[in-house]
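Protein chains in written order, with the working numbering: chain A, 4 to 245; chain B, 462 to 1256.
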């Protein structure tokens, strides 16, 4: 049986620190103002019975990725092990996939102008490493592995704990599982009052950097980020795809 | 050297050529396993080298590994060979090492600080004599030799004139401090000061006086009850292991309680958040002690054997009932009663406090009231309690020097529990009021932004203006650099050395080392000190030139050899992860170690203290055995401190030997009705990470948190522009209306409000220090960052 990569995020261990957010950007050299993973944070309750709850989000590498189906140029594709990728050479930036995705995890790279998203750090996975967000996670909330291997950590967590994906009814078969996700956090959208608004805004305006400024800062890792060095994202790179 | 600027094509051509494999006509490098020969001594260029070092995006120094490719840092990841970032007790470390260490967002963004285009690249000389906030210094680039010659000439003139003591020296706390202190001693100024008194010297004083150790650490993984007063370790993650060790403690069954005016992310993970009025934590702790003693829930045997002053303390807290504390703290009496019982009956338990209650004028006594709860319940230095760490450390290499007999400007010796870091607020106040023993003339500021860090921003600016000559060494043109006469380009942690020997509970020594040479060819801070010392020809007490042939590598090699590792720098570099650790691991209940008292030793019948002929404490007699005891004056945990009771605070007031509660000096009134507090979040350190766009985009504004009900009364809505006003400052801010803050308190994240630094930091948020009084607590000299009252109204 081929591998089926999934992620399990135990919200009891997530402290909302955003280490994952930044580790991803460092590993994959994602430009300022764009994110492949993000920790949504919501305030819940009324004083003094109140708390902030966190919900990390990323591409769900769905079993039936609608983004792949809807791509008019077959730039989005899925590897045999379930990882959904984009061939940046083929992508024409039409954003059809962005509109299709039920999880709002795709975006246009502000510098490359093609669509991108989380790759489960496929370049690391192929080297036997965990994704960067999993490696750096401060609470060790994130676990990654092969769901088809009954002895893997993810299989055991899925068997032992009440896990659920986001929007189980999306029909796409999401493969990021959450342990005790907060319902309010799952339901809250950017416009809702209890969303912690200072985490949700028009970054381009607020970070006050021009595209040239963003490009200049992006140069720190250009060509040498591990994602760039260790993986060929082209669909015809001789890796088995579905 | 400069940053090698290779185009992507050149770089790939080079990497492919070095690997000896033809590129596959792709713009991507082939998979590494095809290009890295097994057992190759030199890794291929595309794989790069992994160099172990220690982070310094904050002072937590977590272990990291840096991937250096083609002379550039390409990736920073956690270093599992270093316990800092994984665990703080050895059993947890060895058992869970395979889970891997962790790294916070700041650590993950380190590369973008190293290569920040806004860094200072060349020495800069001021050409505009006028100084002030926002006044353009009209910088002129000069060479390193010109800069060092000019600074050395100024220092020499001062010294030749018999005014060496009028030099002020300020530095960050966790890097290259020893060599700077040596410089000051050899030069002849007593005014070497560093960051700690802006941070946690009150906590140091608290635990030093109660337990004899100034930096105890909680063993949360093994605890069953964790009670934090004003500590936010899941956000202000000083060590990257804290989120794991605390959430793992909860998973292992600990109940977690956070007492804090603000519902931080730490409070959000707690079973219970208890909002409290700022600075009143000590009153709640005393009421807890009242309940624990009244209900006889304290550890009588431990107290009898290992504490002094219990009877006095017990008499003192007799009327400190939960009802008494409710009036002061705003915490319901029933809650205090319940928490007291839970805490006393759940073992092992941790009680700890940090900067929340620690930055007010009543910080030391309030904090002692919290610390004695650990003594009362016997929760000290056992698994799952607050631990007394064995520092690994590096020893300051011995130096023979005759120190100046001139007093310090800040009057540090008059603070009964003052810390060797000095008292910054007193320095600023003496420059301004001229009431010190002399007027200082010159300052050297290493890697510190005094203007945004010392309470009372305008006072700091005015004080710096009064100095004849100011040198600032920083990676950015900070608000302090704006006041300088000369600015030297600083180094990041990825370009320099340091030895790290603390932050876990057993002796561990780790190394920070340059993973790339200084990228602008600049001198690291310690080499600046050496170069200045050389130019001045500074000599030790034997007349030997100290800096003439000194290499910093040799200096720190001596530090490492003098510490518990007893190995050289090169030997430390060669160890896995560049970390040495004591294989014996964490030792518990170290006070129980038996000692053999010397001939002629005497026992104090009241305390059991055993003293030698010269009156030096050598142990503690409990029953018929003599133990090592604690490092307090009596060798026991002190409910009552004779030593403190015999002293006066800086204002000349007698100090209570008991942890007596007194309100802080400045309370809200009709004019300024709200407490203003500040805190830190995981993505920023002090005021220094704010030009890193990869951190600023997580949160780039410190909106003022205000309780929903309070905001309603003031007609303020979420996102409104508001005025914040204290007697010392008035500025605009943006409101964040929340349920998660005490209704009588407003607060925000520290470090915002830059007008210098660079493109990313500038103009974002509101600087918090401008509302403060320039003052410190009267016992330890801790800067009063949180003793502020304000009014808030719609702009």
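Heads up, the beta-carbon is just placed ideally off N, CA and C, and yes, glycines get one too.
Predicted, not measured: the structure shown is a model, and the values here were computed from it.
Per DSSP, which residues does residue i bridge with? Please list them.
i, result
"residue 1168 of chain B", "B/1199"
"residue 1042 of chain B", "B/969"
"residue 942 of chain B", "Answer by DSSP bridge pairing: none, since residue 942 of chain B is not bridged."
"residue 1083 of chain B", "B/1086"
"residue 1186 of chain B", "B/1191 and B/1252"
"residue 735 of chain B", "B/720"
"residue 511 of chain B", "B/528"
"residue 106 of chain A", "Paired residue(s): none; residue 106 of chain A is not in a bridge."
"residue 878 of chain B", "Residue 878 of chain B is not bridged to any residue."
"residue 250 of chain A", "Chain A is shown from 4 up to 245; residue 250 of chain A falls before or after that span and cannot be answered."
Quick one: residues in its chain with C-beta nearer than 7 Å to the C-beta of residue i, no 5 flanking neighbours on either side, listed in chain order?
i, result
"residue 19 of chain A", "42, 44, 55 and 57"
"residue 487 of chain B", "Only weak support is given to the placement of residue 487 of chain B: the predicted model assigns it a pLDDT of 34, under 50, and the question is left unresolved by the model."
"residue 990 of chain B", "640, 641 and 644"
"residue 671 of chain B", "829, 832, 833, 836, 1098 and 1099"
Residue i: which of the options sits nearest, CA to CA?
i, options, result
"residue 149 of chain A", "A/179, A/167, A/168 and A/143", "A/179"
"residue 735 of chain B", "B/719, B/742, B/706 and B/680", "B/719"
"residue 575 of chain B", "A/222, A/91 and A/216", "A/222"
"residue 845 of chain B", "B/863, B/517 and B/808", "B/808"
"residue 710 of chain B", "B/680, B/728, B/739 and B/792", "B/680"
"residue 516 of chain B", "B/1190, B/612, B/1211 and B/526", "B/526"
"residue 798 of chain B", "B/942, B/750 and B/519", "B/750"
"residue 652 of chain B", "B/746, B/1108, B/902 and B/781", "B/902"
"residue 1040 of chain B", "B/1079, B/963 and B/1067", "B/963"
"residue 690 of chain B", "B/579, B/815 and B/596", "B/815"
"residue 873 of chain B", "B/621, B/1240, B/748 and B/1172", "B/1240"
"residue 8 of chain A", "A/15, A/92 and A/62", "A/62"
"residue 171 of chain A", "A/162, A/213, A/159 and A/186", "A/186"
"residue 1157 of chain B", "B/1146, B/1122, B/601 and B/627", "B/1146"
"residue 129 of chain A", "A/77, A/86 and A/40", "A/86"
"residue 1126 of chain B", "B/1112, B/544, B/1120 and B/569", "B/1112"
"residue 1211 of chain B", "B/1223, B/1229 and B/1200", "B/1229"
"residue 959 of chain B", "B/917, B/1015 and B/949", "B/1015"
"residue 1163 of chain B", "B/1175, B/1144, B/974 and B/1177", "B/1144"
"residue 1216 of chain B", "B/1027, B/1149, B/875 and B/1084", "B/1149"
Closer than 8 Å by C-beta to residue i: which residues in its own chain qualify, once you throw out the five before and the five after it? Chain order, please.
i, result
"residue 1193 of chain B", "1182, 1183, 1184, 1185, 1227 and 1256"
"residue 1002 of chain B", "861, 862 and 863"
"residue 928 of chain B", "629, 892, 901, 902, 903 and 904"
"residue 1029 of chain B", "1018, 1021 and 1022"
"residue 1218 of chain B", "579, 937, 938, 939, 940, 1151 and 1152"
Please go through the same chain and pick out, in chain order, the residues whose beta-carbon is closer than 6 Å to the beta-carbon of residue i, but skip the five residues on each side of it.
i, result
"residue 1236 of chain B", "886 and 1245"
"residue 701 of chain B", "523, 546, 563, 564 and 565"
"residue 500 of chain B", "Only weak support exists for where residue 500 of chain B lies, its pLDDT of 35 falling under 50; the coordinates are left without a value."
"residue 464 of chain B", "With a pLDDT of only 38 at residue 464 of chain B, under the threshold of 50, the placement of this residue in the model should not be trusted, and no figure is reported."
"residue 226 of chain A", "none"
"residue 502 of chain B", "Note that residue 502 of chain B has pLDDT 38, beneath the 50 cutoff, so the model's placement of it is unreliable and the number below is only indicative. Nothing listed; no residue qualifies."
"residue 657 of chain B", "634, 880 and 882"
"residue 232 of chain A", "none"
If the cut-off is 9 Å on Cβ atoms, which residues from the region 219-241 of chain A count as contacting chain B, listed in chain order? Cβ contacts with chain B come from 219, 220, 222, 223, 224, 225, 226, 227, 228, 229, 231, 232, 233, 234, 235, 236, 237 and 240.
In the region 1206-1220 of chain B, which residues sit with their C-beta less than 8 Å from some C-beta in chain A, listed in chain order? Taking 8 Å as the Cβ-Cβ cut-off, the region 1206-1220 of chain B approaches chain A at 1220, given in chain order.
Scan the region 545-579 of chain B for residues whose Cβ lies nearer than 7 Å to a Cβ of chain A and list them as they occur along the chain. So the close ones are 560, 561, 563, 564, 565, 566, 569, 570, 572, 573, 576 and 578.
Just list the alpha helix (DSSP H) runs in the region 781-822 of chain B, keeping only unbroken ones of 4 residues or longer that don't cross its boundaries, in chain order. Here the runs fully enclosed are 783-790, 794-806 and 816-819.
Looking at chain A, which residues of the region 719-732 of chain B have a Cβ within less than 9 Å of any of its Cβ atoms? Going along the region 719-732 of chain B in chain order, one finds 724, 725, 726, 727, 728, 729, 730 and 731 with a Cβ nearer than 9 Å to chain A.
What residues in the region 532-546 of chain B have a beta carbon less than 8 Å from any beta carbon of chain A? Here the close residues are 533, 535, 536, 537, 538 and 539.
What residues in the region 10-25 of chain A have a beta carbon less than 8 Å from any beta carbon of chain B? For the region 10-25 of chain A, which is checked against every Cβ of chain B, the residues closer than 8 Å are 15, 16, 18, 19, 20, 21, 22, 24 and 25.
Jot down the residue ranges of each uninterrupted beta strand (DSSP E) in the region 1077-1160 of chain B, minimum 3 residues, whole runs only, in chain order. Counting only runs of 3 or more, we get 1078-1083, 1086-1088 and 1135-1140.
Pick out the complete beta strand (DSSP E) segments inside the region 545-624 of chain B, 3 residues or longer, and give them in chain order. List check, beta strand (DSSP E) in window: 585-587 and 600-602.
Looking at chain B, which residues of the region 172-188 of chain A have a Cβ within less than 9 Å of any of its Cβ atoms? With the criterion set as a beta carbon lying under 9 Å from some beta carbon of chain B, the region 172-188 of chain A has no members that meet it.
Beta strand (DSSP E) runs wholly inside the region 26-64 of chain A, at least 3 long, in chain order: Counting only runs that start and end inside the region 26-64 of chain A, the beta strand (DSSP E) elements of at least 3 residues fall at 41-49 and 52-60.
Mind listing which residues of the region 786-820 of chain B have their C-beta closer than 9 Å to chain A's C-betas, in chain order? So nothing in the stretch comes that close.
Length-filtered (4 minimum) alpha helix (DSSP H) runs lying within the region 128-174 of chain A: Within the region 128-174 of chain A, the complete alpha helix (DSSP H) runs of at least 4 residues are 135-139 and 156-163.
Short of 8 Å Cβ to Cβ, which residues in the region 1141-1169 of chain B face chain A? Closer than 8 Å at the C-beta level to chain A, one finds these residues of the region 1141-1169 of chain B: 1143, 1144, 1154, 1155, 1156, 1157, 1158, 1159, 1160, 1161, 1162, 1164, 1168 and 1169.
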